[in-house]
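S.K.: Below are the structure tokens for one structure; questions will follow.
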Amino acid sequence: MTAGRRAGRAACAAAAAAVACLAAPALLAQSPPAPGREEAAKADRRAAERQRRAAKGNLVGHGGPVKALAVDAASGRALSGSFDYAMMLWDVRGEEPAHLARLDDHDGAVNAVAFVPGGSLALAAGDDGAVALWDLGAGRLVHRFAGHQAKIVGLAVSPDGRWAASAGWDHTARLWNLAERSPGPVLSGHGGPVNAVAFSADGERVYTASADGTIGLWSRADGRFERPLYRHGWGINVLARLPGSERLVFGALNGAVAVVDGDTGERRLELPAHDRPVLALAVLERPGVVATGGSDGVIRVLRAADGSPIEEYRNPYGPVWALAFVPDGTALYWGGLDDFAAFWRVAPREPFEAIASTFPRRFQVRGEAADQLAQGELQFARKCSVCHTLQPDGRNRAGPTLHRVFGRRIGSLAGYPYSEALKHLDIVWTPETLSRLFELGPEVFTPGSKMPLQKMTDPAQREALIAYLKLATKGEPIDASGRQAPDSAAQGERK
């Protein structure tokens with residue numbers, strides 16, 4: 016919700032309250048309010064106030080779903096990574112978070128972020144298969160570690176801050192020497208994508224979690240595989256070492272959550288399972304809490320010692336992809352399909368109120384369209400809106416705005432960080448070239464593009480999308496029938 020909309024709602028609420036106060040004596044003289052109705056109204060007001068306070072803590076600014084979160088207790092700062100190809104830095108010490116920097120020199124969605132001990136450096140990794148090392152003070156990319164042949168979905172930093180580990184879908188984990196800015200050993204041997212990594216308390220061993228259903232134990236010094244530490248059977252999606260111990264907590268494809276011994280591999284504790292895959296995990300040493308999030312939309316906060324529940328929330332609107340506790344464990348941030356990370360105050364215990372968002376999201380469109388233009392709008396919502404806008408402002412989306420795209424040369428929109436390959440292509444966007452892009456896919460039609468793989472093989476759907484874009488990208492509103500709105504048409508004639 017924008018600041019203007021919040022202010023407008025606040026003004027309306029204030030006006031309504033003033034009218035209610037002036038009218039109260041007359042109303043009371045006529046008939047007293049029913050006790051049940053009065054209590055319900057009070058409960059609604061309390062719920063609205065809780066939601067307002069929570070929304071003030073949201074991390075707002077991304078142009079796509081938030082996929083990664085991290086909080087640094089020492090500095091009181093947070094990192095968020097998004098589908099919009101960017102990592103953002105926040106100061107979260109006050110009642111309302113302050114946006115400090117947008118770090119967007121990435122060629123794909125950012126799936127993992129991490130602070131380096133000391134607080135001056137941070138890491139980001141994602142779909143481009145690279146690990147980016149950032150100087151947070153200068154907002155500058157210091158180094159890019161390359162080597163993975165597929166997307167990276169997990170990061171970890173050793174306790175001394177000298178080493179980083181990345182988990183890739185190329186079936187490897189890789190170690191990186193942060194002090195020397197050089198690659199380290201490649202941890203190769205899993206039979207499936209590696210989804211998560213963690214360091215031992217002394218930093219001498221590395222744990223890897225894979226879609227092959229195992230947790231592997233490796234030597235950090237030489238990358239030697241020591242042994243399969245634990246076999247779960249189902250793919251393991253998330254993994255973290257419980258601070259202050261050598262115990263590991265994991266979440267799996269079958270919804271299982273458990274704690275295993277990092278030395279022996281013995282299963283120590285079974286935590287409440289999710290109904291669907293576990294996608295997010297956060298741990299905090301003091302006061303000893305664990306949070307889990309799943310594709311079932313459930314967030315659970317549990318005591319690490321015995322797995323007993325502290326709080327639970329069931330979100331019907333989509334998966335939970337990222338979790339991070341504030342330093343004292345009384346609240347957490349979580350990321351899902353929204354363009355922001357939501358703030359949830361877990362303690363003092365309050366019912367979880369619905370976040371201020373719009374459902375379904377712009378890309379969650381179902382049903383069929385009655386005519387070609389409506390079908391084109393439907394295809395835009397499903398296939399394009401997560402990355403592109405139709406307004407002059409790109410709104411921090413992953414791709415450039417499509418505002419007045421026809422007639423524009425590829426790679427020419429001022430201010431958008433195109434890949435070098437696109438800057439030298441001799442393509443002008445026309446109905447024909449856009450149709451070819453969706454027919455062949457960006458990896459064929461625009462090689463070197465940062466665009467996600469997206470194809471539209473149905474000619475009728477392509478024609479509908481192009482017909483819609485011809486009208487919608489002119490920069491003028493169109494009515495429900497697809498025609499230019501009358502006021503806008505008149506204004507266009509005056510121009």
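Residue numbers (my numbering): 16 to 510.
All C-beta atoms in this analysis are idealised placements derived from N, C-alpha and C, irrespective of residue type, glycine included.
1. Starting from the N-terminal side, write out each stretch of the beta strand (DSSP E) that is 3 residues or longer and does not extend beyond the stretch 138-188.
2. Note down, one range per segment and in chain order, each alpha helix (DSSP H) of at least 4 residues found wholly within the stretch 371-456.
3. For residue 328, which option in 320, 339, 307, 318 has the closest C-alpha, if you only look at C-alpha atoms?
4. Measure the CB-CB distance between residue 322 and residue 335 and report whether it falls below 8 Å.
5. Helix, strand or coil: how does DSSP classify residue 460 here?
6. Since residue 231 sits in a beta bridge, which residues does DSSP pair it with?
7. Tell me, please, which residues DSSP counts as bridged to residue 198.
8. Report the three-state DSSP secondary structure of residue 54 (helix, strand or coil).
9. State the DSSP-derived secondary structure class of residue 470, mapped to helix, strand or coil.
10. List the endpoints of the continuous beta strand (DSSP E) containing residue 275.
11. Is the stretch 119-135 in contact with the stretch 389-397, if contact means three or more CB pairs nearer than 8 Å?
12. Would you check if the stretch 112-122 and the stretch 421-428 touch, i.e. whether three or more CB-CB distances between them fall below 8 Å?
13. Which of the three DSSP states is assigned to residue 291 in this structure?
14. Got a sec: does the ligand NAP put a non-hydrogen atom nearer than 7 Å to the Cβ of residue 143?
15. In terms of alpha-carbon separation, which member of 54, 200, 222, 178 lies closest to residue 163?
16. DSSP on residue 213, reduced to helix/strand/coil?
17. Helix, strand or coil for residue 71 per DSSP?
18. For residue 125 and residue 142, I'd like the C-alpha separation in whole angstroms.
19. Between the Cα of residue 435 and those of 256, 455, 461, spot the shortest distance and give me the residue it belongs to.
20. State the beta-bridge partners of residue 136 as determined by DSSP.
21. Would residue 267 and residue 250 qualify as a contact pair, given that the criterion is a beta-carbon distance under 8 Å?
M.R.: The short version:
1. 146-150, 155-160, 167-172, 178-183
2. 387-394, 435-438, 446-455
3. 307
4. no
5. helix
6. 223, 243
7. 191
8. helix
9. coil
10. 272-276
11. no
12. no
13. coil
14. With respect to small molecules bound, the structure shown includes none, and the ligand NAP cannot be examined in it.
15. 200
16. strand
17. helix
18. 7 Å
19. 461
20. 150
21. yes
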